[in-house]
Amino acid sequence: MSLADNPRSLVWYMAYPGPGNLDGASRSLIDPAYVLTHLKELVRGAQFQVLELTSFKSRKLRQQVVEVLKGSGKSIAFHCEPVQWVNEEGLIDPADLCSLSEVHRRRAIDRIKRLLDEAKELGAQQVFVASGRNPASGQPYDENSNRTTALACHALVQSLRVLAGEAKSRGQKLAVSLCDAGSPDPGVYRAALLGQVDRAQEVLEALRGEGVQNVGVALDSGRLALNGDGPAAIHILAPHLHWFHAGNAVGPDGEPSRRGDTHPCFGVAGSLVGPAQLAEYMVALAEIGYRGPLGVAVRPVGSEVSRHVVQVALSLVNEAAEHVNVAYALPIGFSFRSRDFLNEETFAEITDLRVRQPDLIREELAKRKRRETLAPDGRLVILAADHPARGVTRVGANPAAMGHRLDYLGRIVRVLAASSIDGLMATSDLIDEVVLVNYLAKQRGKPSFLDGKVLIGSMNRTGLAGTEHEMMDRTSSYMTGKRIKEMHLDGAKLLWRWVPSGEKNDRYALETLERVAKAVEELADLNLPAFVEPLPVARTESGYKTDHSTDNIIKAIGIASGLGHYTGRVWLKIPYCADFARVAKATTMPVLLLGGESTGRPSGTIEDFVRGMGAGPNIRGALVGRNVLFCGEDDPAAIAEAINLVVHHRQSAIEAIGNAAKVRNSKLDYLA
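Numbering (our numbering) for the sequence shown: 993 to 1664.
Right, here's the structure in full:
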């Protein structure tokens, strides 16, 4: 899911700390003209939908702020933490809401209650508080410190229970800010009780168990970095997450004055959070389906200009939130199971049909509705499923993934039935099985998923992977173009491989080339399209591997383009490679991009197709297989749909991924 529509918020008192970038805003004492000028500027702008304020000591200034905000359409959030940390009167010990002193804890509660009133006056519906300093901080780590921490957690639960009721009566939600857990190094460190993810989870689960629903947590990327926590914190605290702030922090290489909980601007020396880290946090937010605000939490110092610091941070947040990996992020825990679509019972029915009605496949192929034009809009997206017939069954670390016919067939049918792709290229066994599954679907009252689809027969499959004479690739599935015609298919695919640098088996590559040329001629005589895949390869210790060098692919295209007496119905199937625009200029024939091996990273595959489709006017689609059928944990129909949107609707990767998400897990009952 995309985070593009999540509201953006600004921690105003950090971004605009006061004249000279001194800490007036955090101390609730700030020049009114400064406050009103910058607030009016932000209110007029459209970059932030939420402004995060803190306490204003002056009642008059508060009223002026209320007037500025009135009718602005901005939502308001309120931070109590600056008041808690400054602790101006010194009447409450630093443990604050988790104090082991009942006197100090009650004072801390009363202070927050007064701040809740101020938040209500400003129109805030979300209020942030700090847990307070862990009373055990600075103590040796032993049984006594553990006991002290446990007592502090109990005290915090008591405090939050009371404040939850107070906030609820004011129409507010309460979020505890997860701060740093402390450090022995110099710097501004909070040593907060809720500085550890597991401790925050324990406290919040205790409150949730009591039925308290309006208390959650606010996470900050800079503070998480200080604690050594990463995106996993978002997964753990997902049920309680109210707010996420994009902040920075510096490590040991940073300036001493910026160390700790200082929220320095992004890009300073020693930064722990940059574009890559922000993108990882955004992916985690997308995985949990987070719809809340994305806050900017940065604090200028010295001569830094607030507006510039904020703009840089917001640009980074927007870039990270709209990253293709964020758009693609799967719901946490999601995993497609092909058995949920095509199960063992249906699988057994296929065998039963083969035995009892051996002529059914021919009959179904003969009467299926076929499209009048191969490519009505001049483009095609075809699913490739012919690898097992050449002894290729490995996907990633699984050496027999494509050898599991129940799973393999389920994924193929899933793509054809649930996505909008144009059709299937496969060997005879798989086309026959798909036809039988389609028959079973119709028997169950479902529409045919093969009507209007393009069916392409894969002809030469004798180049068995790993054999000595692998380059001798003769026809073995559909032996002739005549058979393609008789089986009412729409075309045929032929593979030719060759080692550009030469090797001992060159004669087999040349023999295969001649056979492919004859097949192209026969198909032309039958008015059937030939999909030719000329593939340069290199011999390695583990067998032949595709040679992705641009020059050799261009040479292969030149050779394949000259096969047969008539090339008017020839389409080429070409792997994507570097400098693909040069490849596109090597032919006028329509080109389909080759999918290639499964990477388990579908977003990268989709981006490759976007780039490939823009390489030239003759790039007319894709012939995809393993990288769609075995796309990590995702539903292959969703990836096929995304590629279809890229090819037929010229959508960007992010647009296609977002629009294809509706296909994910749809029509799971198609064969029920």
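Don't be surprised by glycine CBs; every beta carbon is placed ideally from N, CA and C.
It should be emphasised that the depicted structure is a prediction, and the values quoted were computed from it without experimental measurement.
- A direct Cα-to-Cα measurement between G1222 and P1628 gives close to 29 Å.
- In the displayed model, T1532 falls within a strand according to three-state DSSP.
- About 4 Å separates the beta carbon of A1111 from that of F1070, a gap short enough to meet the 8 Å contact definition.
- If only uninterrupted alpha helix (DSSP H) runs of at least 4 residues are considered, those enclosed by the stretch 1014-1070 are 1024-1036 and 1051-1061.
- Using a Cβ distance threshold of 8 Å, A1648 and L1375 do not count as a contacting pair.
- L1416 is bridged by DSSP to L1375 and L1447.
- Within the DSSP bridge table, the entry for F1120 names H1071 and A1167 as partners.
- Separation of L1233 and L1211 (C-alpha to C-alpha, rounded to the nearest whole angstrom) is 8 Å.
- The C-alpha of E1599 is placed about 35 Å away from the C-alpha of G1473.
- Within 10 angstroms of the beta-carbon of E1425 lie 16 or more other beta-carbons, which makes it buried.
- Using a Cβ distance threshold of 8 Å, R1099 and I1084 count as a contacting pair.
- Note on geometry: alpha-carbon atoms of T1542 and A1576 lie some 11 Å from one another.
- Here P1594 is not near Y1400, since their CB atoms are 8 Å or more apart.
- Pairing Y1273 with S1213 gives a Cβ-Cβ distance under 8 Å.
- Looking at the backbone, the Cα of N1657 and that of R1618 are separated by about 19 Å.
- Three or more Cβ pairs closer than 8 Å define a contact, and the stretch 1367-1385 falls short of that threshold against the stretch 1433-1441.
- Contact check for N1219 and G1187: beta-carbon distance about 6 Å, within the 8 Å limit, so the pair qualifies.
- Close CB contacts of N1013 within its chain, under the 6 Å cut and outside five residues either way in sequence, are with P1292 and V1293 (chain order).
- Nearest C-alpha to E1513 among E1525, G1560 and E1478: G1560.
- The beta carbon of D1539 sits closer than 7 Å to those of P1492, P1528, V1529 and A1530, all from its chain and outside the five residues before and after it, given in chain order.
- Membership of D1543 in the alpha helix (DSSP H) is indicated by the continuous run T1542 to S1553.
- With fewer than 16 neighbouring CB atoms inside 10 Å of its own CB, P1248 falls in the exposed class.
- Runs of alpha helix (DSSP H) with 4 or more residues, each lying fully within the stretch 1571-1633, are found at 1572-1576, 1594-1605 and 1618-1621, listed in chain order.
- Note on Y1558: under 16 other CB atoms within 10 angstroms of its CB, so exposed under the neighbour-count rule.
- When the five nearest sequence neighbours on each side are left out, the beta carbons in the same chain lying within less than 8 Å of the beta carbon of R1054 are those of F1048, E1110, E1113 and L1114, in order along the chain.
- Residue state for H1300 is assigned as helix, using DSSP reduced to three classes.
- A Cβ-Cβ contact shorter than 8 Å links D1253 with R1182.
- Listed in chain order, the alpha helix (DSSP H) runs fully inside the stretch 1319-1374 are 1336-1348 and 1352-1359, counting runs of at least 4 residues.
- Listed as beta-bridge partners of V1209 by DSSP are V1168 and L1233.
- Of the residues assessed, K1066 falls on the buried side of the cut-off, its CB having 16 or more other CB atoms within 10 angstroms.
- For A1268 against N1317, the beta-carbon gap comes to about 11 Å, at or over 8 Å, which does not count as contact.
- Judged by DSSP in its simplified three-state form, G1483 adopts strand.
- Shortest Cα-Cα distance from N1651 to any of M1394, L1306, R1250 and S1411 involves S1411.
- Using a 10 angstroms sphere on the CB of D1177, the tally of other CB atoms stays under 16, which defines it as exposed.
- Here L1264 carries a coil assignment [DSSP, helix/strand/coil].
- Straight-line measurement puts the Cα of S1123 at about 30 Å from the Cα of Q1303.
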